[in-house]
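Chemist: So that we are looking at the same thing, I have put the structure below in structure tokens.
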Amino acid sequence: MADSAAAVVLHAPPAQHAGLSGLDAGLLGAVVAGQARLTPEQAVEIFHKMPLPELGRWADARCRALHGDTFRTFIIDRNINYTNVCNAKCTFCAFRRDGDEHDAYTLTYDQIHAKIRELVAIGGTQILMQGGMNPELPLQWYLDLLSGIKREFPKLHVHAFSPPEFIEFVHFFNPPGETLREKIRWVMVRLREAGLDSLPGGGGEIFADPVRRKIGLGKCDAESWLTCMNVAHELGMFTSATMMFGHIEGYADRVHHMWLVREWQDRALGAQAGTRSGHYKAFISWPFQRENTPLGRVPDWGADPAELGMEFSGDAVARAWDFGRGVAKQPAGQRAADVFDFGAMDKREYPSAHLYGKRVRMSMASDYLRTQALSRLFLDNVYSIGSSWVTMGPHIGQLGLMYGANDMGSVMMEENVVSSAGTTYCLDEAVLCRLIRDSGFVPAQRDNTYDILRVHAGADAPDMRVKDWSEHRARKTHQQAPREPKLAKVTVGAT
Ligand code: SF4
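For the sequence shown, the working numbering puts the final residue at 1178, and the numbers step up evenly by one.
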């Protein structure tokens, strides 16, 4: 049908039923059918009270309603971390370096092209390119980088530069514009013209300001992150959203994070009235990896027996924060983050608050699956939920397909960020296909828009051709990504 007023489908979010319990089977059945939406309070209740297998069953039902029973997907792309020099100091990061450290690096264009050539040789269709936030790189370096990639690899999809990088681009390049939104747009339009196709959702972490101020030192706040993605959506680009949990945050902070994604997604979809323009295409969450990070040295919650009967300090602060509504005396025109003082919380009502940020509650497999399953139920307006085998390992990642995920992400040729924090899983296409097939689905390679490129149903599928699995697995998993060499000072325009 040609475009016409009759063809336009207005985005209408499903109704919420605040009076019902989050455990109400009728409500959850309606959520599965896309006819109801969970409130944040219901989601927190599910987090705390629903048995994991039951939550998994609801999430799986919702996933099957959206994606069917046959295919589960993956993409062949390559992570390219173009620089590890970063002017932020996130406490959960083992990857960043100062520019003068001996193992600081910025890749040359030649090195990046060589990596892409290797990717294309194995059927790859996309690069995921993110860096530290390197103040030495001017705008022209990025423009030449993108145009050079598109010249050499015109069919390659460039999924690059997360919102924190964009916010720093604004600081580094000082573009024209009255507002942050205008400045972001100025930079993004130019990068897009040079070859940028879509934005990854890196740097989301946890949006709640009390958490973000503690762990994301020097990184943009939630409002800036979400505004950046909204600009990308206005320009017609797809993006993803991410969440890194299992550190100092409370469960309600995770729900608050998803709630903001859902709200801004409504805004993006509503603005476009049902067209296929920009919005969040996927949500991927993963637990904090502690090795080699400052935050990883913080003691575990409950290691001291005196803490065992107490509310986790992150839950206490999240309760006081109350989805950002907890700041009763917020002066007009000031952000809640600027006035919320968790140090001054009532000690009788919040006896563990003084431990906030001084304890971590690490997330293991069951908490990961619980969080992912809830994201499938809560994010009714986000198409794809990705399973994070990169952090959880291949078999928990596989289990994720039964807990609401429809996508296994990418084969991993190389990874430098979580591997710096001690996680070193690498999988090839055959193993990824095998993991999906063993879960009862047909593996299918997708592109960035989640359209299926190749269905692996026959005897020539990558996993069906493997004769000796024990040998294949031993060779391809647990492969440490090589560290990048330190390079001489970057020359703008060099290849
Ligand atoms: S997480 Fe990213 S922004 Fe934060 S310090 Fe590491 S490289 Fe920099």
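Positions of the beta carbon are idealized from the N, C-alpha and C atoms, including for glycine. The structure displayed is predicted, hence computed values, not measured ones.
Could you tell me which of 794, 913, 1133, 1001 sits nearest to residue 953, measuring between CA atoms?
Modeler: Measuring from the Cα of residue 953, the nearest candidate turns out to be 913.
Chemist: Assign residue 813 to one of two classes, buried (16 or more other C-beta atoms within 10 Å of its C-beta) or exposed (fewer than that).
Modeler: When all chains shown are included, residue 813 counts as buried.
Chemist: State the CB to CB distance for the pair residue 976 and residue 775, rounded to an integer number of angstroms; the pair is presumed to be in contact (CB under 8 Å).
Modeler: Yes, they are in contact, since the Cβ atoms of residue 976 and residue 775 sit about 5 Å apart, within 8 Å.
Chemist: Go to residue 968, then tell me how far its beta strand (DSSP E) extends in each direction, as first and last residue.
Modeler: Its beta strand (DSSP E) spans residues 963–970.
Chemist: Give a yes or no on whether the C-beta atoms belonging to residue 745 and residue 714 are separated by under 8 Å.
Modeler: The answer is yes: Cβ separation under 8 Å.
Chemist: To the nearest angstrom, how far is it from the Cα of residue 735 to the Cα of residue 1151?
Modeler: In a straight line, the C-alpha of residue 735 is about 35 Å away from that of residue 1151.
Chemist: Kindly give me the distance between the Cβ atoms of residue 922 and residue 930, rounded to whole angstroms, as I take these residues to be in contact under 8 Å.
Modeler: In fact, because the Cβ distance is near 24 Å, the residues do not count as touching under 8 Å.
Chemist: Can you give me the start and stop residues for the alpha helix (DSSP H) that residue 926 sits inside?
Modeler: No alpha helix (DSSP H) contains residue 926, which is instead part of the beta strand (DSSP E) from 922–928.
Chemist: May I ask you to list the residues that DSSP assigns as paired with residue 862?
Modeler: DSSP output for residue 862 lists no bridge partner at all.
Chemist: In the DSSP output, which residue or residues are listed as bridge partners for residue 1116?
Modeler: BP columns for residue 1116 are empty, so no partner.
Chemist: Under a three-way DSSP split, which group does residue 903 fall into?
Modeler: In this structure, residue 903 counts as coil in the three-state DSSP scheme.
Chemist: Quick one: Cα of residue 800 to Cα of residue 969, how far?
Modeler: If I take the Cα positions, the gap works out to 29 Å.
Chemist: Once you ignore the five residues that flank residue 817 on each side, which residues in its own chain have a CB closer than 6 Å to its CB?
Modeler: Excluding positions up to five away in sequence, the list reads 766, 768.
Chemist: Cutting at 6 Å between CB atoms, please list the residues of its own chain near residue 822, excluding the five before and the five after it.
Modeler: The residues are 856.
Chemist: Of all the options 933, 1088, 1118, 1085, which has the alpha carbon lying nearest to the alpha carbon of residue 1094?
Modeler: Among 933, 1088, 1118, 1085, the Cα nearest to that of residue 1094 belongs to 1118.
Chemist: Is there contact here, the stretch 1077–1091 with the stretch 989–1003, by at least three beta-carbon pairs under 8 Å?
Modeler: No, because fewer than three Cβ pairs between the stretch 1077–1091 and the stretch 989–1003 fall closer than 8 Å, the two stretches do not touch.
Chemist: Where are the beta strand (DSSP E) runs, 3 residues long or more, that stay fully inside the stretch 761–846, in chain order?
Modeler: As far as the stretch 761–846 is concerned, its whole beta strand (DSSP E) runs of at least 3 residues are 809–813, 840–843.
Chemist: Using the C-alpha atoms, what's the distance from residue 1056 back to residue 861?
Modeler: Cα to Cα, the separation comes out at about 41 Å.
Chemist: Is the stretch 696–716 close to the stretch 1040–1052, with three or more CB pairs under 8 Å?
Modeler: No, the stretch 696–716 does not touch the stretch 1040–1052.
Chemist: For residue 1042 versus residue 1000, is the C-beta spacing smaller than 8 Å?
Modeler: The answer is no: Cβ separation not under 8 Å.
Chemist: Under the criterion of a Cβ to heavy atom distance below 7 Å, does residue 773 qualify as lining the ligand SF4?
Modeler: Yes, the Cβ of residue 773 comes within 7 Å of a heavy atom of the ligand SF4.
Chemist: What does a CB cutoff of less than 7 Å around residue 859 pick up in its chain, not counting 5 residues either side in sequence?
Modeler: Result list for residue 859: 869, in chain order.
Chemist: Based on DSSP bridge pairs, tell me the residues matched to residue 657.
Modeler: There is no way to answer for residue 657, as the model of the chain reaches only from 684 to 1178.
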